[in-house]
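What follows is a set of notes on a single structure, which appears directly below.
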Amino acid sequence: MAGGIDVSAVDQQCDRIEMLKAFDEKKAGVKGLADLGLLKIPKIFVRPSEELAQEFTHKGTQIQVPVINLSGILDTDRRRQIVEELRIATETWGFFQVVNHGIPLSVLDGMIDGVRKFFDMDLEERKKYYTRDITRRVRWHSNFDLFASRTANWRDSLSISFPDQIYSDELPHPCRKPQWNT
């Protein structure tokens, strides 16, 4: 320790930042690492043992994510109730599960298939969508908080946000409706 500063801790933090930058700059994400056939998970993804021990000894309480049931949404009174449930869930949890939304299973399965096919695309093609720019309508990334979190999560995310008109040429090829591919 030099002058009250733990030099080894500073060095470790610098190494971690360099590893995070290298990971992010490759634009290959977690899937890119998995495709390499790694035998060991990189340090940036490994949670400290004391943190894990604390979690394992915690007498976990069962939590219930808010469930928003859209059944009856066309009824004015029920609609008000749903809006209130959404407000509470958003303010207290920040997320929720929606049931009875009326989206056909075939559409949900198609979305899952499109995302799966996106991550199976050639890396160079997938890199076109890799960004941390939250203003981009289509983007994929690993860990939105990669440089802020204590440990990186072993996941990749594809985000598609269209507040207005959707243009098929903005979407990755596997995420387009079949009739858009002509």
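Going by full-length UniProt numbering, the sequence shown opens with residue 1, and the numbers climb by one from there.
The beta-carbon is built from N, C-alpha and C at its ideal position, and this holds for glycine as well.
Please state whether DSSP places residue i in a helix, a strand or coil.
i    : result
I160 : strand
R176 : coil
I41  : coil
I68  : strand
V46  : coil
R132 : coil
R137 : coil
Q97  : strand
G114 : helix
S106 : helix
T92  : helix
R79  : helix
M19  : helix
L36  : coil
K27  : coil
Can you give the Cα-Cα distance for residue i and residue j, rounded to whole angstroms?
i    : j    : result
K128 : S161 : 16 Å
E18  : K26  : 12 Å
D77  : D35  : 52 Å
E125 : F118 : 9 Å
I44  : I73  : 45 Å
C14  : K21  : 11 Å
I68  : W93  : 12 Å
H173 : A152 : 29 Å
Q81  : Q165 : 30 Å
W154 : I134 : 20 Å
P42  : I88  : 39 Å
D122 : E85  : 42 Å
W145 : I63  : It is Asp, not Trp, that sits at residue 145 in the sequence shown. Rounded to whole angstroms, D145 to I63 spans 24 Å at the Cα level.
Let's test the definition: count the other Cβ atoms within 10 Å of the Cβ of residue i and tell me whether it reaches 16, buried, or not, exposed.
i    : result
D156 : buried
W140 : buried
V99  : exposed
F95  : exposed
P104 : exposed
L171 : buried
S142 : buried
F23  : buried
V107 : exposed
A148 : exposed
By Cβ distance below 7 Å, which residues in the same chain neighbour residue i in space, the five residues on each side in sequence not counted?
i    : result
H101 : L70
L158 : V115, F118 and W140
R79  : I73
V30  : S142, W154, R155 and D156
What does a CB cutoff of less than 6 Å around residue i pick up in its chain, not counting 5 residues either side in sequence?
i    : result
R176 : S168
V65  : Q97
T182 : The predicted position of T182 is uncertain, since its pLDDT is 41 and thus under 50; a value taken from the coordinates is nonetheless stated next. So the list is empty, once near-sequence residues are dropped.
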